[in-house]
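What follows is one structure encoded as C-alpha cells, with my remarks underneath.
Chains as they are written, first to last, in the working numbering: chain V, 1 to 97; chain C, 1 to 470; chain X, 1 to 375.
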C-alpha cells in the first residue's frame, strides 16, 4: 500500500516473522514493514482484533511489535538495525483460574 | 557516578526547540536537548538532513520552508549544544530532575546517563492531531493524515491504490498537495468543514491580511486541489470506514445522500492540538481554548508556565505553525537567559523587539484560520454509540455515556470505572474525546469537565530500567 | 435548595460507603449516598484489591476473627453481586503469600505467624510457613530470586478487581432504588427530633440515620455529631506493567498479577498528608524489591503508576461507632474496605438498621485510643 520511490543508499537485513528483509538504514521498523506490504502489526489484548500503525509519530501506540523478544515496542520510534528480529504482537496468553 | 547538570534543558528538536537552543548557546548557557526522534527537525522538518543528503531533488521540491529549516539546523548543529536523539523523557520531578531512556530497546550499553538535573526547562514537543473517532477508525488502512507526511519525508514512501483524504483543516490541504506533487492519484477529498464556516470566520479576515503570505499559500493549495481533477465533496458528515479485517470502503453523508467509495487508505484529519502530556505530568495550569477546542498550558508572553523554571515554546503551547514556533523558541530562551542573569531585563527587551514584531505579523492569520477550521462538536463526538473512543482498552461511546449517567462524571472517576485512558497511549488518543462526551452529557463546556490526571511514565520503561537507574 | 428525604444518608462514595449503601438498599431501606467533589484522593480507587487476612490484627484478636469471617462470606457475596450487577469481579480465593527475602525476614515472619495463630481465639487462623521448594512448585512458570527463603501462605486470602467491585456495588445500589448524589460537600449537620438535616450548599437531606464513611474527612464530619475519630493519611504508590501470560497465580501484598495479565507492584508506606504524587525513589524501591523476588519482572514495561492515600486509625484497625450524643449518627472507618466489603454490607448493615450489635464489637470503639468525646 505504500511504496518507496527511490533507491536505498544503504541497507540492513531484518527478520520479520522468520523471513529476511533488506531495508534501508535509517528507516523506522514501522515504515520498513509497511513498505514491504505488511499492514497488520498486532492483535489487541481486549478483543483480538487486528491493528495497524495509525499516527507514525509515537502518539497512538498502535504500532506495537515484538522486537528482539521485547513486547510492546513502538515500531515507528525504533530505527532498523542489522539482524533485528521482529514479530507481530499477539494477545498475551491469559489463563483464567 | 556524578549527575549531569545543565543550565537549560529543552525537550524537542523542532523549530521551537532548535531556536531556543541556538539563542541560549549564544549567551553561553550549558544546554541539553532531548529528542525522541532519530534526527532533528521535529514534525515539520522531519528527516531534513537525510533528505538534503540522500534525496536532494525531493528536498528542493519541499520548497522555501525547508531551505530556511536547513539554515536553522545548521546553526543548531554548530551551536555547541549537547544533543541526544532517540531519548524519551519518561518522568520529570518537581525539582526538574529529568529521567530519560533510549527509544531503542536493545541499547542497553548506552553510556549516556539516564538522569540529569537542570536549572531551567523548556518543553517544545509540538503538537499532535486531534483524535477523530468514527465508525471503523481502528481498521488497518485508516491513518492520521500526518502519517503520509512522515512516511514521505522519512522513507520516501507514497501510498498506492485508492487513497481518500477526509476531514478539515489547513494540514489536510497541505498533505493533499504534497501527495499530488509526488504523483499520487487521490480517489476523493472529503471536506467536513461545515457550510457557513467561511462567513463566520470573515470578521478575522482583515487582520489575517497582514500576513497575506499564509492566505496566499492557502489559496494556491485550494486552487491546486480544485484543478487536479480529484472528486471533492464538501459539507461532509458521518464518515464511516468499512471492511472486514482491513479498510475496504468509506461511506459518508452529503446532504440527504450516503455515497460509498471503495478505499485502500483513508487519511483522517480534524485539526492539530498541543501535545500537553508533559505539561500535564508537571501539573502546569491549563486553560481551555474554546475556538479550537483544546487545552493549552497557561503562559506569559515568554512562555513561562505556572510551574517554576518551566516554559513552553512552539505548538505545544498554542498551535501557530513553524515560523511562530521558531520565534517563540528564541523569545522563551531570551527570558530564560535573563532569569539566569546572563542579560538584563532591558537587554532582553532590546534583543526581542524585532522578534516580537515578526511574531505579531506571523500570528495575525491565526484567528481567521482557527475560526474557519473551528471543529464542531458533531465532528468530534461520534453519533454512533458503538464507536471506540479509547482505542487501547476498546471502550465505546455507549459505555462512556452510560457510566456518566450513573453519576461518574469526572474523567478520572470514569477511567476507574471503565478503563478508558488506562492503556499504553495514556489518553493521548482518547483524552479530548472523553472530556467532550462528558461535556455533552452534562451540557457544560469541556473546559469545565477537565482532563485526566497524567502521571509518569510518559513513555513505558522496563522494571529493570527503573530498578537499575542510578 | 433541593430537599430530599431518606431513611439513611451515607456520606462517602468510597468502597466502605458504597458497601454499606448497597447492603442497606438490599434490606429495603431508602438510602441516599452523597459523595464530595472528586479530588482524586480516594483509597478506594488506588488500592491493590486484596481480600486479605494474613498480616492483619496483631494485638486485636477480635479483628482477626472479623477479617476471617469477612473472607468466608466473600465467595457468596461476590457471586450474588456479580449476578445482580452483571459485572465480573475477577474474584479469586487462592490463598495468599508473603514472600520472604533473607533469613532475617524469614525468621520475623515465622515469629509473627506463631503469635497470630496463638492469639486466634477461634483457632481458625490458618497461616503457615512454606519452604522455598514448596513455593517454587506453586508457581512453576516463573523463577524465584536467589534471596527468596520461602513464604507464609494463608488459605483465607484472595484478591479481586477493586474497581469493578466499586462499579458493581454502585450500579446495584442505584438499580435497587438507591440515590447517588455526586459533587455534594457536607457543610452543616443539624439534629432535632431524632432526625438529621444535612446541608451541602445545593441540597438539604433529611434522614433518620446518618452514616459517615468519608475516609480522610471522617474526623471533621464526625466531630460535628459528637464523635472523635482520629484518622491519618498514609501514601501508597503502585505501578502496573504491560500484560503478559498469566504465570503468577497467588496474590502477595507487594506483587500480584491481574486477570488481564498485567503485574501490579506496590507495598510502600509513607506518612504524607494530602499528596497523591508518585516519587521516583519509592517506585524504584518497589521495582528493586520486586526483581529480587521475581527476577523476570525486569523485562516487563511499566505502563502506569499512581499513588493514593490510605485512611488509617492510630492502630490501623477499624472504628465502628455510634454517637452517644446524636443517636442514629455512625462513623465507620477502616483500612481494608475491600476485604471487609462482604461483612460491611451484611453485619454492619444489621447493626445500623436493626441495632444488631456484632459480638465483641466494643473492640472497635475509639475509646481504645484514650480519646475524649467531642462536646
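The beta-carbon is built from N, C-alpha and C at its ideal position, and this holds for glycine as well.
The segment 263-281 of chain X and the segment 63-75 of chain V do not touch, with fewer than three beta-carbon pairs separated by less than 8 Å. Contact between the segment 117-133 of chain C and the segment 219-235 of chain C is absent: fewer than 3 CB-CB pairs across the two stretches fall below 8 Å. Here the segment 168-184 of chain C makes contact with the segment 214-224 of chain C; the two share three or more CB pairs at distances below 8 Å.
With a threshold of 16 other beta carbon atoms within 10 Å, residue 3/C falls short and is exposed. Beta-bridge analysis with DSSP links residue 260/C to 251/C. Along the segment 3-61 of chain V, the alpha helix (DSSP H) occurs as fully enclosed runs of 4 or more residues at 29-35, listed in sequence order. By alpha-carbon distance to residue 467/C, the top candidate from 57/X, 141/X, 114/X and 239/X is 239/X. When CB distances to chain X are screened at a threshold of 8 Å, the residues of the segment 36-67 of chain V falling below it are 45, in chain order. In this structure, residue 314/X and residue 369/X form a Cβ contact; the two beta carbons are roughly 5 Å apart against a cut-off of 8 Å. Residues of chain X with a Cβ closer than 8 Å to the Cβ of residue 74/V do not exist, since the nearest Cβ in that chain sits about 11 Å away. Proximity to residue 324/C across 306/C, 336/C and 302/C peaks at 302/C, based on C-alpha coordinates. By the 16-neighbour rule on beta-carbons within 10 angstroms, residue 459/C is buried. For residue 150/X, the enclosing beta strand (DSSP E) begins and ends at 148-154. Setting aside the 5 residues that flank it on each side, residue 289/X is surrounded in the same chain by 254, each with a C-beta closer than 7 Å to its C-beta; the list follows chain order. Out of 291/X, 151/X and 91/X, the CA that lies nearest to the CA of residue 103/X is found in 151/X. Pairing residue 32/X with residue 10/X, the inter-Cα distance amounts to about 6 Å.
Taking 7 Å as the CB threshold, residue 2/V lines the interface with chain C.
Listed in chain order, the non-local C-beta contacts of residue 282/X below 8 Å within the same chain comprise 237, 268 and 270, local neighbours out to five positions each way being set aside. When secondary structure is reduced to three states using DSSP, residue 392/C falls in the coil class, being assigned neither helix nor strand.
The C-alpha of residue 286/X lies about 14 Å from the C-alpha of residue 301/X.
Chain order gives the chain X residues near residue 466/C as 283, 284, 287 and 302, where near means a beta carbon separation below 7 Å.
Interface flag for residue 280/C against chain X is unset, since no Cβ pair is found closer than 7 Å. Per DSSP, residue 312/C is one residue of the beta strand (DSSP E) stretching across 310-312. Among the CB atoms of chain X, one or more fall inside 7 Å of the CB of residue 92/V. Under the three-pair Cβ rule at 8 Å, the segment 108-126 of chain X counts as touching the segment 55-72 of chain X. According to the DSSP secondary-structure assignment, residue 311/X is paired through a beta bridge with 233/X. Under the rule that a run must span 4 or more residues, the alpha helix (DSSP H) segments found entirely inside the segment 43-92 of chain X read 61-85. As DSSP reads the structure, residue 102/C sits in a beta bridge with 87/C.
Beta-bridge partners of residue 209/X (DSSP): 8/X. It is roughly 47 Å from the alpha-carbon of residue 372/C to the alpha-carbon of residue 47/X. Scanning the segment 162-236 of chain C from its first residue to its last, the whole beta strand (DSSP E) runs of 3-plus residues come out as 163-167 and 186-191. Assignment of beta-bridge partners to residue 268/C by DSSP yields 144/C and 166/C. A direct Cα-Cα distance of roughly 14 Å separates residue 284/C from residue 95/C. Residue 53/V and residue 88/C have their C-alpha atoms spaced approximately 19 Å apart. Taking the Cα positions, residue 177/C is about 21 Å away from residue 52/C.
When 7 Å is used as the limit between beta carbons, residue 174/X is near these residues of chain C: 406, in chain order.
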